[in-house]
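Protein chains in written order, with this note's numbering: chain P, 2 to 210; chain S, 2 to 210. Notes to accompany the following structure.
There are 2 protein chains.
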Amino acid sequence: MEIKDRIIAGAVELFTRYGVRSVSMDDIARQLSISKKTIYQYFKDKDEIVTMAVQAHLKRERKEYDEIFECSHDAVEELSKVCTCMRKDFKDMNPSLLFDLQKYHPNAWNVWLQFKNEHIKNQIVNNLKRGIKEGYFRKEIDPEFLATLRVEQVQLVFDKQIFPADRFDLKDTQMKLFDHFVHGVVTEKGKMLYMKYLEKEKTINQNSI
Amino acid sequence: MEIKDRIIAGAVELFTRYGVRSVSMDDIARQLSISKKTIYQYFKDKDEIVTMAVQAHLKRERKEYDEIFECSHDAVEELSKVCTCMRKDFKDMNPSLLFDLQKYHPNAWNVWLQFKNEHIKNQIVNNLKRGIKEGYFRKEIDPEFLATLRVEQVQLVFDKQIFPADRFDLKDTQMKLFDHFVHGVVTEKGKMLYMKYLEKEKTINQNSI
């Protein structure tokens, strides 16, 4: 891996775990056992690292989710795989992450907003339309509205004013939110299939540990 | 009705229909066929009218919802009656209403926030706990989390950046949101009862027209 990519990967790891605000250039240098001078050879300032770290993280996430949507047999399998992926992504994620971006790094925040409002929302709309067509999701639901609601909800859970970290663990709360969202869209047939897939995912993950 | 109460009632009507920002003291005076001078005998300024209008509106809403929660046979009947009430409340409500309060009338906004975070949230928590106990709502749900989510969702739909009025009609969108929320919490038994109550509510409302 090139040194520039190593710096970005190290930054992604630190930001995810500790939030953006509390990680300094010194921390990144220390984490990678390089000098701060080396970092500045590749990046103008911390803001540039943050933007590129967000881009790199979203690129990886996009690849991961694209694979789910390409390889699933039906809309319910998509959901069950997204569920597993989210559980992994939100584990150890610092709840300050999005707030720090919004407040201190408008460039990186805009990268996130665009990804959320275009890529993620589209994937949800497609998933919901597919599920309705397959008879697994209720035909009364409005895909465009629910996709918009869904991306906003995920972001809402990061809001510490509304969901203080001492009462609402980020990962648990995101999983509860996802569970409620899924139950709000499935038909009885879809619900039974969802439970079946979740059991299967659980077995795969237990065997891979 | 005393003149002061008439002014408040008139203001509630105008604010609900047109939003707060676009209704002037002149509009209120004209609506009630009184002079502006008369209004200023009872209120210091528009901000004071707005605060008292919000208080009066929430007091009426509280009475209406309290009756629902006192007179219902089970948690599902509560929900179906809340649904009818919401359909009526959001009809003809201007989507700018909450935004105007937040931006221009912090006192009135705080009255709303307190009502939302204490009274409404508590009623939802109680409804969810009751439904779980009665076997109509899934035992896996977390009442505290879902009540917090619910009150924030209702407010979110007023956000014109996220749900632009030309694509998302306020009443329709609120009803879709409510439908998704209910389906996310009910068991199969609860869902069947909910449908039954909705049919009953529909008949009552048709007969009362």
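Don't be surprised by glycine CBs; every beta carbon is placed ideally from N, CA and C.
Boundaries of the alpha helix (DSSP H) around A109 of chain S: P107 to Q115. Contact of K177 of chain S with chain P by beta-carbon distance below 9 Å involves E141, I142, D143, F146, L147 and L150. Pairing E202 of chain S with T85 of chain S gives a Cβ-Cβ distance under 8 Å. Residue environment: N128 of chain S is assigned as buried (16 or more neighbouring CB atoms within 10 Å of its CB, all protein chains considered).
Contact check for V152 of chain S against A109 of chain S fails: the beta carbons are separated by 8 Å or more. Distance from the CA atom of L199 of chain S to the CA atom of D180 of chain S, rounded to whole angstroms, is 11 Å.
Taking every protein chain shown into account, the CB of S23 of chain P has fewer than 16 other CB atoms within 10 angstroms, so this residue is exposed. In the three-state DSSP reduction, V24 of chain S falls in the coil class, being neither helix nor strand. Classified as exposed, T39 of chain P has fewer than 16 neighbouring CB atoms from the shown chains inside 10 Å of its CB. Between V186 of chain S and F138 of chain S, the gap from beta carbon to beta carbon is short of 8 Å. Ranked by how close their Cα comes to the Cα of K122 of chain P, the residues P:Q103, P:H106 and P:T149 have P:T149 in first place. Each residue's CA atom was taken as its position, placing A54 of chain S and K64 of chain S some 16 Å apart. Across the structure, D75 of chain P and K192 of chain P are spaced so that their CA atoms are roughly 13 Å apart.
Exclusion of the five residues before and after W113 of chain P leaves V55, L59, L99 and L102 as the residues of its chain whose Cβ lies within less than 8 Å of its Cβ.
Look at the stretch 180-209 of chain P: the residues with a C-beta under 9 Å from a C-beta of chain S are D180, H181, F182, V183, H184, G185, V186, V187, E189 and K192. The continuous alpha helix (DSSP H) containing E153 of chain S extends over residues P144 to L157. Among the residues facing chain S, E153 of chain P is included, as its CB has a counterpart in that chain under 8 Å away. Partner residues in a beta bridge of F91 of chain P, as assigned by DSSP, do not exist. One alpha carbon belongs to E62 of chain S, the other to R18 of chain P, and they sit about 44 Å apart.
Approximately 6 Å separates the beta-carbon atoms of K161 of chain P and P96 of chain P; this is inside 8 Å, confirming the contact.
Within the same chain, and ignoring the five residues on either side of T174 of chain P in sequence, the residues whose Cβ sits closer than 7 Å to its Cβ are V158 and F164. As the crow flies, the alpha-carbon of E145 of chain S is around 27 Å from that of K197 of chain S. Annotation for A10 of chain S: M2 and A57 place their beta carbon closer than 8 Å to its own, counting only its chain and skipping 5 residues before and after. Nearest CB-CB separation between L157 of chain P and chain S: below the 8 Å threshold. Taking each of P:I4, P:Q154 and P:I125 in turn and checking the Cα distance to I142 of chain P, the smallest one comes out for P:I125. Legend: CB atoms of the stretch 76-91 of chain P lying less than 8 Å from CB atoms of chain S are not found in any residue. Identification of chain S residues near I121 of chain P by a Cβ-Cβ cut-off of 7 Å yields none; the smallest Cβ-Cβ distance measures about 14 Å. Of all alpha-carbon atoms in S:I205, S:F169 and S:R7, the one lying nearest the alpha-carbon of A30 of chain S is that of S:R7. Proximity of chain P to I163 of chain S at the Cβ level (cut-off 7 Å) is accounted for by T149 and E153, in chain order. Around A166 of chain P, the same chain offers P96 as residues with beta carbons nearer than 6 Å, after the five sequence neighbours per side are excluded. Under a 10 Å Cβ-count criterion, I133 of chain S is classified as buried, with 16 or more other Cβ atoms of the shown protein chains found around its own Cβ.
Here V183 of chain P really is in contact with L80 of chain P; their C-beta atoms are around 6 Å apart, less than 8 Å.
Going by DSSP, D173 of chain P is part of the alpha helix (DSSP H) stretching over L171 to V186. At least one C-beta of chain P is nearer than 8 Å to the C-beta of F169 of chain S. A straight-line Cα-Cα distance of about 10 Å links V155 of chain S and M176 of chain S. For a Cβ distance threshold of 8 Å, nothing in chain S lies close to T52 of chain P: the least Cβ distance comes to about 23 Å.
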